[in-house]
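full-length UniProt numbering numbers the first residue of the sequence shown as 1 and each following residue consecutively. The C-beta atom is built at its ideal place from N, Cα and C for all residues, glycine as well.
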Amino acid sequence: MIRAMWTAATGMTAQQLNVDTIANNLANVNTNAFKRSRAEFGDLLYQIQRLPGTNASNVGVFPVGVQVGGGVRPITVAKEWMQGNMRQTSNDLDLAIDGAGFFQVARPDGTIMYTRNGSFKRDNVGNLVTGDGDQLTPVITIPSGALKIDIGQDGTVSVLLPGVTQASQVGQIQLVRFDNPSGLVAMGSNLFLDSFASGPAQQGTGGFSTGFGTLQQGFLESSNVNLAEEMVNMIIAQRSYEINSKTIQASDEMMQIANNLRR
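Following this line, the structure appears as structure tokens:
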């Protein structure tokens with residue numbers, strides 16, 4: 001009965017992490033390019049009272065054993081990198097990646113980080129930056145007074161200047177990809193940092209033929225959180241938490257009955 005209490009307690013702790021993960025998904029339902037997370041669990045060590053295949057008292061062996069589990073533990077909280085829906089904004093500096101890839105941006109301290117949020121702005125000198133002021137890398141500078149900005153699916157940036165009839169190219173946006181994007185470290189603000197698990201960043205231009213997604217100007221990628229699915233998962237997690245708490249209550253009542261038998 002004591003073991004049942006500890007086992008149920010691990011179940012409650014696991015479901016609390018599950019609810020925390022779901023709550024973060026729901027909180028970011030309107031965050032550009034947000035990727036939902038999924039908590040995964042594994043069973044704890046077993047107390048083996050009898051191994052399957054050991055000799056029985058008579059002729060033969062036991063076909064099954066007696067193995068009592070000790071509960072559950074979290075294994076990972078993994079990002080799901082499914083494509084989010086495209087939302088049209090008609091803003092020339094809003095970019096969505098249709099397919100694989102990340103934008104690379106430089107933080108004020110020079111650290112290179114990665115994001116799929118393509119909501120870019122122009123700073124005081126015309127460089128493309130994120131809403132937090134992180135500079136797109138390689139640097140793309142929009143000349144002052146540009147009448148029109150055109151960004152191709154391969155990342156080519158062209159501008160039309162006053163008094164000129166033909167657009168001129170000012171740079172090309174590069175994308176990066178990783179062999180294991182689930183190994184990226186989430187840093188907040190839609191930013192990720194590479195790690196040994198993610199592998200090194202591989203840089204290239206947009207285009208499905210190159211293995212990268214294409215850039216869509218005037219669009220933003222929405223969160224891939226499914227509200228209905230998250231609400232169902234929340235109910236399941238809540239019920240699982242409740243069942244584990246009832247297991248503790250039942251174990252306590254059984255101990256109380258056993259104590260009363262001694263009187």
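Whether residue i touches residue j by CB criterion (8 Å)
i    : j    : result
S222 : G84  : yes
F212 : G101 : yes
L161 : F120 : no
N224 : K35  : yes
L175 : I97  : yes
A14  : S251 : no
G206 : L215 : yes
L136 : V125 : no
A106 : V77  : no
A237 : V29  : no
G60  : I48  : no
G218 : N91  : yes
F62  : P52  : yes
K79  : S182 : yes
Exposure of residue i, with buried meaning 16 or more beta-carbon neighbours within 10 Å
i    : result
V157 : buried
F103 : buried
G71  : buried
I173 : buried
V139 : exposed
R177 : buried
S168 : exposed
D150 : exposed
Q202 : exposed
V159 : buried
D134 : buried
A33  : buried
T165 : exposed
N55  : exposed
N233 : buried
A8   : buried
G110 : exposed
S37  : buried
I142 : buried
N259 : exposed
G131 : exposed
Residue interval of the alpha helix (DSSP H) (run including residue i)
i    : result
S251 : 227-261
Q16  : 2-27
In DSSP terms, what residue i is bridged to
i    : result
S119 : D94
L193 : V185
N32  : Per DSSP, none; premise fails for N32.
N127 : T141
V68  : Q47
Q174 : Paired residues: none, contrary to the question.
D164 : The residue asked about is misnamed: residue 164 is Val in this sequence, not Asp. In DSSP, V164 forms no bridge with anything.
A78  : R38
Q202 : R177
N55  : V61
T214 : D98
Q83  : None; Q83 has no bridge partner.
Extent of the continuous beta strand (DSSP E) run through residue i
i    : result
L160 : 156-160
T141 : Careful: T141 lies outside any beta strand (DSSP E) and carries neither H nor E.
L147 : That residue, L147, is in no beta strand (DSSP E); it is neither H nor E in DSSP.
S37  : 37-43
M86  : 86-88
E221 : 219-221
G206 : Run containing G206: none; DSSP gives neither H nor E here.
A106 : 102-106
Chain C contact for residue i (CB, 8 Å cutoff)
i    : result
G218 : Judged by its chain identifiers, the structure shown contains no chain C, having just a single protein chain.
Worksheet item: Touching or not, the segment 192-202 and the segment 107-120, by the rule of three or more beta carbon pairs under 8 Å?
Response: yes
Discussion item. Tell me whether the segment 72-80 and the segment 6-20 touch, counting them as touching only if at least three CB pairs, one residue from each stretch, are closer than 8 Å.
Written reply: yes
Worksheet item: Would you call the segment 15-27 and the segment 86-94 touching, i.e. three or more CB-CB distances under 8 Å?
Response: no
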